[in-house]
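Step one of this worksheet: look at the structure below.
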Amino acid sequence: MVSEADCLFCRIVAKEIPADVVHETERTLAFRDIDPQAPTHVLVIPKDHYRDAAALAAADHGLADEVIKAAHAVAEQEGIAGSGYRLVFNTGPQAGQTVFHVHGHVLGGRGLTWPPG
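Sequential numbering from 1 applies to the sequence shown in full-length UniProt numbering.
Laid out in structure tokens, this is it:
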């Protein structure tokens, strides 16, 4: 597994920091956001460390697909797949990325307006 010692999400994958895990596969992990912005707010990450969505897409053929499939599995499990959910990948500081380990936000359970933020 590729990880970075000072990465919060790598430490969650390594079980050094507790998280409310809701879904896990061999290469992905999904856990509840500690500052939820919707009734359902789950973060889905690859277990290997990639800085952002662009790095993930460039580095590992197929893993981005697995992350999105895991996000949909979370939406189904949380009961929001039918009514709709938002999947957001912030890439870079200008987009609001604060943890530099690629992660998708699965948001749902309420009406989500557009444009966001």
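Quick reminder that beta carbons are idealized off the backbone N, C-alpha and C, glycines included.
If you're wondering where the values come from, they're calculated on a predicted model, not measured in any experiment.
query: Hey, is the stretch 27 to 38 in contact with the stretch 60 to 70, meaning 3+ C-beta pairs nearer than 8 Å?
result: A contact exists between the stretch 27 to 38 and the stretch 60 to 70.
task: Taking only the alpha-carbon atoms, compute the straight-line gap between Asp33 and Phe89 and give it to the nearest angstrom.
output: Annotation: Asp33 to Phe89 spans about 14 Å, alpha carbon to alpha carbon.
message: In chain order, what are the residue ranges of uninterrupted beta strand (DSSP E) at least 3 long that sit wholly in the stretch 13 to 52?
response: Runs found: 21 to 24, 28 to 32, 40 to 46.
- prompt: If you draw a straight line from the C-alpha of Ala54 to the C-alpha of Ile45, how long is it?
  reply: So the two alpha carbons sit approximately 14 Å from each other.
field: Sub-7 Å separation of residue 197 and Tyr50 beta-carbons
entry: Lying before the first or after the last residue shown, residue 197 is absent from the chain, which here runs from 1 to 117.
Three-way DSSP call (helix, strand, coil) for His103 in this model: Of the three classes helix, strand and coil, the one that applies to His103 here is coil, per DSSP.
- request: Just grab the DSSP bridge partners of Gly82 for me.
  value: Beta-bridge pairing links Gly82 to no other residue.
Candidates Arg110, Gly62, Glu4, Gly104, of which the one nearest Thr40 by Cα: Answer by Cα proximity: Arg110.
query: Does the distance from the C-beta atom of Phe31 to that of Asp48 stay below 7 Å?
result: Not a contact, by the Cβ cut-off of 7 Å.
task: Please name the residue, chosen from Tyr85, Phe100, Glu76, Leu87, that lies closest to Arg11 on a Cα-to-Cα basis.
output: Of Tyr85, Phe100, Glu76, Leu87, the residue nearest in Cα terms is Phe100.
- prompt: Residues bridged to Leu87 by DSSP?
  reply: In DSSP, Leu87 forms a bridge with Val106.
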